[in-house]
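Protein chains: 2
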Amino acid sequence: MSAEPVTGDPGAAPRTERQQLGDQSRRRILDAAGQLMAERGYAGTSISAVSARSGLPASSIYWHFRSKEGLLAAVIEDGALQWFAGLPNPAELDAPPTERLAQMLVHVGEALEDRPEFLRLLLLISLERPDESAASLETVRRVRGYARAGLRAAIEAELAARRIPADDATLDTLARFSLAVADAVFIAAEIEPGDTDIPALFRVLAATLPAAAEAATRRRA
Amino acid sequence: MSAEPVTGDPGAAPRTERQQLGDQSRRRILDAAGQLMAERGYAGTSISAVSARSGLPASSIYWHFRSKEGLLAAVIEDGALQWFAGLPNPAELDAPPTERLAQMLVHVGEALEDRPEFLRLLLLISLERPDESAASLETVRRVRGYARAGLRAAIEAELAARRIPADDATLDTLARFSLAVADAVFIAAEIEPGDTDIPALFRVLAATLPAAAEAATRRRA
DNA sequence: CGTCTTCTGGAATGATCGTTCCAGACACAA
DNA sequence: TTGTGTCTGGAACGATCATTCCAGAAGACG
Chain F
46 MSAEPVTGDP GAAPRTERQQ LGDQSRRRIL DAAGQLMAER GYAGTSISAV SARSGLPASS
106 IYWHFRSKEG LLAAVIEDGA LQWFAGLPNP AELDAPPTER LAQMLVHVGE ALEDRPEFLR
166 LLLLISLERP DESAASLETV RRVRGYARAG LRAAIEAELA ARRIPADDAT LDTLARFSLA
226 VADAVFIAAE IEPGDTDIPA LFRVLAATLP AAAEAATRRR A
Chain U
46 MSAEPVTGDP GAAPRTERQQ LGDQSRRRIL DAAGQLMAER GYAGTSISAV SARSGLPASS
106 IYWHFRSKEG LLAAVIEDGA LQWFAGLPNP AELDAPPTER LAQMLVHVGE ALEDRPEFLR
166 LLLLISLERP DESAASLETV RRVRGYARAG LRAAIEAELA ARRIPADDAT LDTLARFSLA
226 VADAVFIAAE IEPGDTDIPA LFRVLAATLP AAAEAATRRR A
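Protein chains in written order, with my numbering: chain F, 46 to 266; chain U, 46 to 266.
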């Protein structure tokens, strides 16, 4: 039986020289596909284009990934891993408590500027493939769930430091709002590059959240 | 010579019965193409799919529109026209000055819920087709320019009513921020429908802008 | 009536799509 | 050495792609 390398993770098995070469090919395919899909969407990216950019024949793509759909899932999974790995650990920030949120948002903004491909891919996939049964949408949701949880924790800490009370529902809404703003700022920058000041928009967000929390709490009372 | 109906506007010429039938076909094609492109993106929408949904043969599509690209441009143009026409005229709102902005945002939110197809198409096209020379991107920018101008006027009026000073640059940033939030809320609703409370997020935005304006002005001083 | 314009129907084009097949190249274990 | 699993190269498949062509239906106009 052949070795089904079509699975997502290479596992922890010892790798022969030949297999390591295959791993490199797999990576080149992932990178090429990630770039292309982020540029032109899923439907707009052909296997032959991935083949051309990666320098590997179509048969290699199909040996490493089950299908075009499987390739997409792997690209999303891999992209998320890399993107989050590039963010600094929020627990290690040495800023005073009332500035941690702002600092974290700055880091997110920088990541958006430095490595926009992944978020672009995520948004494109979310909008382009609303098939109920698409497994990739599930991956997208999971990735966004992580991001939302991180934002929520940062917001909670910030509000606590400022002695602003906030119940769970309010925190949830604020985290969703912040994630939405991150999407939005990114999109604005995509549509009108050079005309969009990403840090400025993130500063607006940071300046804004405490007041929003107070307003929400007041409304709830 | 044949009559080149491939142009966007039917003009003001008197229409014969045969021509009116053609106009109906044109509309059916535009509607079908708009739906499909909003669902699956430009690359994901085939002429044969448009033909199937509209009930007209491919040759009719090519008679009414120069090419697939031309069809896209017409769809965007037409969609923008319809979408803005569905919004109430801000000058006619009868709310007190300090609530006009909130009311306007509510209307925008409702429009997003009622007729999401157009914004979905706009975002999809913006992200999917980053070709420098794409004429459709120009249309997208123009449409967003209108929206931004409307938001800016509403924000300016709101701040004046609240006696919060704001210079041009601040107003511009706030308008961009608000437009971005509108995008974002829409996207969040697309990705996690039923899990996203659109009015709540728009209330956060409305509650947020005066504080943001004050913060921005303070920073600039 | 016949001619013109407008629009539709359907077949056809070559290109490209996703996917498969299979012969080999190459590193390992025996 | 002789397999055996791992991966690549390239040709090939039918399906579908955007687009074109042309015959003809049918109202308009004389």
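Virtual Cβ for every residue (Gly too), placed ideally from N, Cα, C.
1) What did DSSP end up calling Y87(F) once you bin it into helix, strand or coil?
2) Work out the CA separation of Q80(U) and I92(U) for me, nearest whole Å.
3) Apply the 10 Å Cβ neighbour rule to L167(U) and answer buried if 16 or more other Cβ atoms are within range, or exposed otherwise.
4) Who are the neighbours of T143(U) on chain F, taking C-beta pairs under 7 angstroms?
5) What do you get for S223(U), buried or exposed, if any count of 16 or more other CB atoms within 10 angstroms of its CB means buried?
6) In chain order, what residues of the same chain have a beta carbon less than 6 angstroms from the beta carbon of F163(U), not counting five sequence neighbours either side?
7) Output the boundary residues of the alpha helix (DSSP H) element that contains P141(F).
8) What does the alpha-carbon distance come out to for the pair A199(F) and A245(F)?
9) With L121(F) and V95(F) assumed to form a contact (beta carbons below 8 angstroms), what rounded beta-carbon distance in angstroms separates them?
10) Counting only beta-carbon atoms, is G89(U) nearer than 7 angstroms to chain F?
11) Just mark D228(U) as buried or exposed, buried being the case when its beta carbon has 16 or more other beta carbons within 10 Å.
12) At a Cβ threshold of 7 angstroms, is D228(F) touching chain U?
13) I209(U) and Y87(U) look like a contact to me (Cβ under 8 angstroms); what is the Cβ gap, rounded to whole Å?
14) Near V151(U), which residues of its chain fall below 6 angstroms by C-beta distance, leaving aside the five closest residues on each side in sequence?
15) Among T61(U), G131(U), L101(U), whose alpha-carbon lies nearest the alpha-carbon of V72(U)?
16) Taking 7 angstroms as the threshold (beta carbon to beta carbon), is V249(U) in contact with chain F?
17) Contact criterion: CB-CB distance below 7 angstroms. Does A147(F) meet it with respect to chain U?
18) Out of A211(F), G195(F), A103(F), which has the shortest C-alpha to C-alpha gap to R145(F)?
19) Taking Cβ-Cβ distances shorter than 8 angstroms, what residues in chain U pair up with S171(F)?
20) Would you say T215(F) faces chain U, with C-beta separation under 7 angstroms as the test?
21) R221(F) and P255(F) - do their beta-carbons sit closer together than 7 angstroms?
22) Within the same chain, show all residues whose beta-carbon is closer than 7 angstroms to that of A251(F), passing over the 5 residues directly before and after it, in chain order.
23) Per DSSP, what kind of secondary structure is S112(U) in: helix, strand or coil?
24) How long is the line joining the alpha carbons of E183(F) and G67(U), rounded to whole angstroms?
25) Counting only beta-carbon separations shorter than 7 angstroms, does G115(F) have a partner in chain U?
26) Should E203(U) be labelled buried (16 or more other beta-carbon atoms within 10 Å of its own) or exposed?
27) Hey, R193(F) and A83(F): beta-carbon distance below 7 angstroms or not?
28) Tell me the DSSP secondary structure of E237(F) in three-state form.
29) Determine the closest residue to A77(F) out of A140(F), A258(F), L172(F), L117(F), with distance taken between C-alpha atoms.
30) The alpha helix (DSSP H) spanning I209(F) covers which residue range?
31) Any C-beta of chain F sitting closer than 7 angstroms to the C-beta of F222(U)?
32) Tell me the rounded alpha-carbon separation between R111(U) and T262(F).
33) Taking the alpha-carbon positions, what's the A234(F) to F247(U) distance?
34) Can you tell me whether L172(F) is buried or exposed? The criterion is at least 16 other CB atoms within 10 Å of its CB, across all chains shown.
35) Show which residues of chain F have a CB atom less than 8 angstroms away from the CB atom of L196(U).
36) Could you tell me whether the Cβ of A31(U) comes closer than 7 angstroms to any Cβ of chain F?
Per the coordinate set shown:
1) coil
2) 13 angstroms
3) By the 10 Å Cβ count, L167(U) comes out buried.
4) Within chain F, no residue comes near T143(U); the closest Cβ sits about 14 angstroms away, beyond 7 angstroms.
5) buried
6) G124, W128.
7) Per DSSP, P141(F) belongs to no alpha helix (DSSP H) and is neither H nor E.
8) 19 angstroms
9) Sequence check: residue 121(F) is Ile here, not Leu. Actually they are not in contact, since the Cβ atoms of I121(F) and V95(F) sit about 15 angstroms apart, beyond 8 angstroms.
10) yes
11) By the neighbour-count definition (other C-beta atoms within 10 Å, threshold 16), D228(U) is a buried residue.
12) With 7 angstroms as the cut-off, D228(F) counts as an interface residue toward chain U.
13) Contact doesn't hold; Cβ gap of about 42 angstroms is too wide.
14) none
15) Just to set this straight, residue 72(U) is Arg in the shown sequence, not Val. Closest option to R72(U), Cα to Cα, is L101(U).
16) yes
17) no
18) G195(F)
19) I232, E235, I236
20) no
21) no
22) L146, A147, L150
23) coil
24) 43 angstroms
25) G115(F) does not count as touching chain U.
26) buried
27) No, Cβ-Cβ distance for R193(F) and A83(F) is not below 7 angstroms.
28) In the three-state reduction of the DSSP assignment, E237(F) falls in the coil class.
29) L117(F)
30) Careful: I209(F) lies outside any alpha helix (DSSP H) and carries neither H nor E.
31) yes
32) Spanning the alpha carbons of R111(U) and T262(F) requires a straight line of approximately 56 angstroms.
33) 21 angstroms
34) buried
35) Per Cβ cutoff of 8 angstroms: no residues; L196(U) is ~13 angstroms from chain F at best.
36) For residue 31(U) there is no data in the structure shown, the boundaries of chain U being 46 and 266.
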